[in-house]
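Undergrad: Sending over a structure as structure tokens; questions will come in a sec.
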Amino acid sequence: MLQNFINRAIPSVELIRQLGPFILGYVLVVALLVSYLKKQHQVRTAYTRKIFHFLIFSTASIFQVKYGLPAVILFGSIVSLFVLFAVVQGEDFSFYEVMARESDRPHRTLFILIPLLTTALGGVLANLFFLKFAFVGYLVGGWGDAVGEPVGSRWGKHRYQVPSLLGVKATRSVEGSAAVAGVSIVVAFLGLYFIGYPWPDSLKTALVCGLGGAAVESVSNHGLDNLTMQLTAAGLAYWLLA
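Per numbering that gives the first Met the number 0, the sequence shown starts with residue 0, numbered consecutively.
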């Protein structure tokens, strides 16, 4: 099983030649965009981090449906190189500051690297166990989670503490969690409907995936929700539709 997965996951030379330059250019544009917002307009990290998060997960979903897992592996590898380059450059580098929360001090770098690793692990495990429904995990993780922090940062009045790593205190809000659930339901429904599932099946599955993803996100360790949300949403879609 694992060997078959590895064989179908590795991008071919032809795929790299066809998609590689486009992906490189696209990720560069995204990195420049969020860096510009951070440096020139002082957009808060709660927003720039999630804009980047939203664009990357959304694009991964499109690649998964249109081209399959090898394209996602290629895309994720190039994104990872950009993120690692920013980490090497460190504080005061615009793209680093896009992703590094002040509240994560003194472990700002680790809370860039941990979500990067958990995102990659979530994508691999979702594809390994839940096959074509991995894209539902990308959508719920990318769109749902992307709205939680900005909504909570701006409108969150009812806050609760969540488990964290490395002693960095983290809180979420009821308002943010509600936004995660609502947006997750919408994007899961649209994703399933547009790939051909009837709207009643799409809606039922989206409700379960969205609420399940939001529930898991609300109790996940700070830094690990990219993994838990992806697996929960993809697994629930697989359970209901496979």
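Note that CB positions come from ideal geometry on N, CA and C, so glycine has one too.
Please read all numbers here as calculations on a predicted model, not as lab measurements.
How would you label Glu90, buried or exposed, when you count the other beta carbons within 10 angstroms and need 16 or more for buried?
TA: Per the 10 Å Cβ criterion, exposed.
Undergrad: What's the C-alpha gap between Phe4 and Phe132?
TA: If I take the Cα positions, the gap works out to 15 Å.
Undergrad: Does the beta-carbon distance from Thr47 to Leu36 come in below 8 Å?
TA: Going by C-beta atoms, Thr47 is nearer than 8 Å to Leu36.
Undergrad: According to DSSP, is Ser219 helix, strand or coil?
TA: In this structure, Ser219 counts as coil in the three-state DSSP scheme.
Undergrad: Just how far apart, CA to CA, sit Tyr196 and Lys203?
TA: Distance between the alpha carbons of Tyr196 and Lys203: 11 Å.
Undergrad: Are the C-beta atoms of Leu165 and some chain C residue less than 8 Å apart?
TA: Note that chain C does not occur in the displayed structure, where there is just one protein chain.
Undergrad: Smallest Cα separation from Asp144: which of Phe128, Glu174, Pro69 and Ala125?
TA: That would be Glu174, whose Cα lies nearest to the Cα of Asp144.
Undergrad: Quick check on the DSSP output: what are the complete beta strand (DSSP E) runs of length 3 or more inside the region 28 to 83, in order along the chain?
TA: Those beta strand (DSSP E) runs which fall completely within the region 28 to 83 and span 3+ residues do not exist here.
Undergrad: For the alpha helix (DSSP H) containing Arg153, list its first residue and its last residue.
TA: Arg153 -> alpha helix (DSSP H) spans Asp144 to Trp154.
Undergrad: Do Phe81 and Val26 have their beta-carbon atoms positioned less than 8 Å apart in this structure?
TA: In this structure, Phe81 lies closer than 8 Å to Val26 by Cβ.
Undergrad: Count the CB pairs spanning the region 218 to 236 and the region 110 to 130 that are closer than 8 Å, and state whether there are at least three.
TA: The region 218 to 236 is in contact with the region 110 to 130.
Undergrad: In whole angstroms, what separates the C-alpha of Ile50 from that of Val33?
TA: When rounded, the distance between both Cα atoms is 7 Å.
Undergrad: Closer than 8 Å by C-beta to Ala70: which residues in its own chain qualify, once you throw out the five before and the five after it? Chain order, please.
TA: Excluding residues within five positions, the ones whose Cβ falls inside 8 Å are Pro10, Leu14, Leu18, Phe62 and Gln63.
Undergrad: Expressed to the nearest angstrom, what Euclidean distance is found between the alpha-carbon atoms of Gly222 and Ser102?
TA: Rounded to whole angstroms, Gly222 to Ser102 spans 13 Å at the Cα level.
Undergrad: Evaluate contact between the region 183 to 202 and the region 157 to 173, counting only Cβ atoms and requiring at least three cross-stretch pairs below 8 Å.
TA: No, because fewer than three Cβ pairs between the region 183 to 202 and the region 157 to 173 fall closer than 8 Å, the two stretches do not touch.
Undergrad: Beta strand (DSSP E) containing Val161: first to last residue?
TA: Residues Arg158 to Val161.
Undergrad: Would you grab the beta carbon distance between Ala233 and Val135 for me? Rounded to a whole angstrom, and I think it's under 8 Å.
TA: Confirmed, Cβ separation roughly 5 Å.
Undergrad: Helix, strand or coil, according to DSSP, for Ala187 in the structure here?
TA: Helix.
Undergrad: What does the alpha-carbon distance come out to for the pair Pro149 and Ser79?
TA: Each residue's Cα considered, the two are about 23 Å apart.
Undergrad: With a CB to CB cut of under 6 Å and the five nearest residues on each side skipped, what residues in its chain are close to Met98?
TA: So the list reads Arg48 and Ile111, once near-sequence residues are dropped.
Undergrad: Which residue or residues does DSSP assign as beta-bridge partners of Ala169?
TA: The partner list for Ala169 (beta bridge, DSSP) reads Val161.
Undergrad: If you draw a straight line from the alpha carbon of Ile22 to that of Gly209, how long is it in whole angstroms?
TA: Straight-line Cα distance between these residues: approximately 29 Å.
Undergrad: Whose C-beta lies closer than 6 Å to the C-beta of Thr231 among residues of the same chain, with five residues either side of it excluded?
TA: Contacts found: Gly211, Gly212 and Val215.
Undergrad: What is the residue span of the alpha helix (DSSP H) that Phe132 lies within?
TA: No alpha helix (DSSP H) contains Phe132, which DSSP labels as neither H nor E.
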